[in-house]
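Following the working numbering, the numbering of the sequence shown begins with 933 at its first residue and continues without gaps.
Don't be surprised by glycine CBs; every beta carbon is placed ideally from N, CA and C.
Worksheet for the structure shown next.
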Amino acid sequence: MTTTLPDAHAEQSTVDRLHVQTYTSGVVGPSQPMLGPLADGGTLTTGTPPGCWGPMITPAFQGGHEVTQPVAIAGAEVGDAVALKIQRMRVTSMATSSGVMKFVEGRYHGDPFVAKFCSACGTEHPASHVEGIGADAIRCDACGAEVSAFQFAHGYVIVLDPDNHVSLTVNQAVADRLAGNASHMSALPELAAQHSILSMARADIPGLAAHMRPFLGNIGTTPARDLPDSHNCGDFGQYLIGAPHRYSVTAEELQAAKTDGHMDTNSVREGCILICPVKVPGAGVYMGDMHAQQGNGEIAGHATDVSGETELTVEVIKHLTIDGPILLQNLDDLPPMARPMSAEQRRKVAELGARWGQHEVEQNGPITFIGSGVNLNAATENGLRRAAAVTGLPYDEVLNRATIAGSIEISRLPGTVRVTILCPMDILDRMGIGHLVREKYQLN
């Protein structure tokens, strides 16, 4: 059965399968009504519009993404965790545009992602429309003035071939042609409210071929207070501290509320398992911001945001209290030092130990903690301390494990990282995720 349900605050029976095609206009938090409840073990499918640039140039949005309406998971209570097992992911856009951004001063209060207004007529979060193509195409409905709070410092338009996993940036003439049919080329879902960034037709790098490997940049559970969806994280979230708008928070309030759903981690892709904190009853699983590709680190500030389809199954992990996401990456995505050893390697290790009198060999498995903070140093420490807090390992031992049997990798500038270690299986069992690690990496 495939069902799209109304507000979960009404009495609803649990369903085994749920399809979501409604969105939140840039805000995640307790004010958003939940769909569901979806059964523990149930399947969730979504069709998501692009993140970042489309919402950024649509001034009615109060966040930088357009994510799905949250879904309640049956049995998920505050202090639990929810494992999201991504089964399938497919890009549906035929083209997109992205690049390095610059702000247009005088069109926002403190944060152009969150608090836009029309500088000509003063309308807050104005409704808008697209007239023509190019940098001045976004127009205020109230007065007709050009109204985008963002422009490109350097940008590109890229066409996509999801079947063959390749893409190619195009010249200005092709970009102009695509801009004339922007919504169709972006494959915007019917209920999406954003303008397509293809309308701006910025084409500074023609002819660059790039691999495609899609992933979700914003996926997780609902924070404990309303936040802009792009600011549900430790780096972008810093802009909310003392901000001159309704989403202003203290540093302590941000830390307590956020779930770090916006992590731009390129290994959150088909086949992985993402374990997320539950900070509101029902968890409120949401997703969006699919990227067609990205290296280790969203260095330009934005990558190739696309429409796409995702299918995943959910599993509630009772009494696993975590502050941020845990990721079980695909084997190919694991850093080399954290990959499980083969049977032959384990045999050689046993022989090595026997020669020196070390007969006990730890049984372990890889686990990745997402860390976030104002910069990469703060994010790294956050990830390491999360690892220590959840596993119970001494902090200094986590440092040693990350050094010789793990890795630190950039997910995004200015401050999101992956901290991967090999963790003893008895600890993973105590956490309630040992079965997931064994299944994922085919461990005995």
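**Request:** Look at the Cβ atom of Leu-1316, then the Cβ atom of Gln-1019, and state whether they are nearer than 8 angstroms.
**Result:** no
**Asked** Gly-1366 lies in the alpha helix (DSSP H); which residues open and close that run?
**Response** 1366 to 1373
**Item:** Option nearest Glu-1185 by Cα separation, candidates Asp-1196, Met-1195, Ala-1111, Ile-1173
**Value:** Ile-1173
**Request:** Specify, as a first and last residue, the run of the alpha helix (DSSP H) that Asp-1196 falls within.
**Result:** That residue, Asp-1196, is in no alpha helix (DSSP H); it is neither H nor E in DSSP.
**Asked** Is the region 1022 to 1035 touching the region 1118 to 1130, taking contact as three or more C-beta pairs under 8 angstroms?
**Response** yes
**Prompt:** Would you call Ile-1342 buried or exposed, if buried means 16 or more other Cβ atoms sit within 10 Å of its Cβ?
**Reply:** buried
**Request:** Check whether the Cβ atoms of Gly-1098 and Ala-1135 lie closer than 8 angstroms to each other.
**Result:** Note that residue 1098 is Val in the sequence shown here, rather than Gly. No, Cβ-Cβ distance for Val-1098 and Ala-1135 is not below 8 angstroms.
**Prompt:** Does the distance from the C-beta atom of Gly-1169 to that of Ile-1005 stay below 8 angstroms?
**Reply:** no
**Message:** Pop quiz: Tyr-955 and Ala-1124 are said to be a contact at Cβ under 8 angstroms. What is the actual Cβ separation, rounded to whole angstroms?
**Reply:** 6 angstroms
**Request:** Assess, as a yes-or-no matter, whether the region 1041 to 1061 is touched by the region 992 to 1008 under the definition of 3 or more beta carbon pairs within less than 8 angstroms.
**Result:** yes
**Prompt:** Near Asp-948, which residues of its chain fall below 6 angstroms by C-beta distance, leaving aside the five closest residues on each side in sequence?
**Reply:** Ala-971, Gly-974
**Message:** I need the straight-line Cα distance from Gln-1261 to Thr-1055, nearest angstrom please.
**Reply:** 45 angstroms
**Message:** My output table needs one value for Thr-934: the three-state DSSP class, helix, strand or coil.
**Reply:** Model confidence at Thr-934 stands at a pLDDT of 36, short of 50, so the residue's coordinates are unreliable; what they give is reported in the following sentence. In this structure, Thr-934 counts as coil in the three-state DSSP scheme.
**Message:** Among the candidates Val-1062, Cys-1050, Met-1021, whose CA atom is the shortest distance from the CA of Gly-986?
**Reply:** Val-1062
**Item:** One or two residues paired with Tyr-1327 in a DSSP bridge
**Value:** For Tyr-1327, which the question treats as bridged, DSSP gives no partner whatsoever.
**Request:** Report the partner residues of Tyr-1218 according to the DSSP bridge assignment.
**Result:** Gly-1152
**Message:** So, at 8 angstroms on beta carbons, what are the nonlocal neighbours of His-1143 in its own chain, with the 5 sequence-adjacent residues on each side left out?
**Reply:** His-1097, Val-1098, Ser-1099, Gln-1225
**Request:** Please go through the region 1080 to 1141 and give each complete alpha helix (DSSP H) segment of 4 or more residues, from N-terminal end onward.
**Result:** 1104 to 1111, 1114 to 1118
**Message:** Pull the bridge partners of His-951 from the DSSP assignment, please.
**Reply:** Thr-977
**Item:** Euclidean distance between Cα positions of His-1291 and Gln-1277
**Value:** 15 angstroms
**Item:** Bounding residues of the beta strand (DSSP E) (the contiguous stretch that carries Leu-1206)
**Value:** 1205 to 1209
**Prompt:** Taking the Cβ atom as the reference point for each residue, do Met-1117 and Ala-1085 lie within a distance shorter than 8 angstroms?
**Reply:** no
**Boundaries (first-last residue) of the beta strand (DSSP E) holding Gly-1297** = 1296 to 1304
**Start-to-end residues for the beta strand (DSSP E) that takes in Ala-1275** = Unbroken run through Ala-1275 is the alpha helix (DSSP H), 1275 to 1288; no beta strand (DSSP E).
**Residue interval of the beta strand (DSSP E) (run including Arg-1350)** = 1348 to 1356
**Item:** Whole-number beta carbon distance between Gly-1364 and Thr-924, since they are thought to touch under 8 angstroms
**Value:** One cannot answer for residue 924 here, as it falls past the ends of the chain, which runs 933 to 1376.
**Request:** Going by CA-CA distance only, name the one from Asp-1237, Arg-1362, Thr-1253, Gln-1295 that's closest to Leu-1354.
**Result:** Gln-1295
**Item:** Rounded straight-line distance, which links the Cα of His-1177 to that of Val-1212
**Value:** 24 angstroms
**Asked** Within this structure, are the beta carbons of Ala-1015 and Val-1210 separated by less than 8 angstroms?
**Response** no
**Request:** With a 10 Å radius around its C-beta and 16 neighbouring C-beta atoms as the bar for buried, classify Pro-1257 as buried or exposed.
**Result:** buried
**Message:** Using the Cβ count rule (16 or more neighbours within 10 Å means buried), how would you classify Arg-1039?
**Reply:** buried
**Between the CA atoms of Val-1023 and Pro-1094 - distance to the nearest angstrom** = 6 angstroms
**Prompt:** Quick one: what's got a C-beta closer than 6 angstroms to His-1041's C-beta in the same chain, skipping five residues either side?
**Reply:** Ala-1047, Pro-1176, His-1177
**Asked** Which same chain residues, not among the five before or five after Leu-937, have their C-beta less than 8 angstroms away from its C-beta?
**Response** Bear in mind that the predicted position of Leu-937 carries a pLDDT of just 39, short of 50, making it unreliable; the figure below should be weighed with that in mind. These residues qualify, in order along the chain: Gln-944, Val-947, Leu-950, Leu-967, Gly-968.
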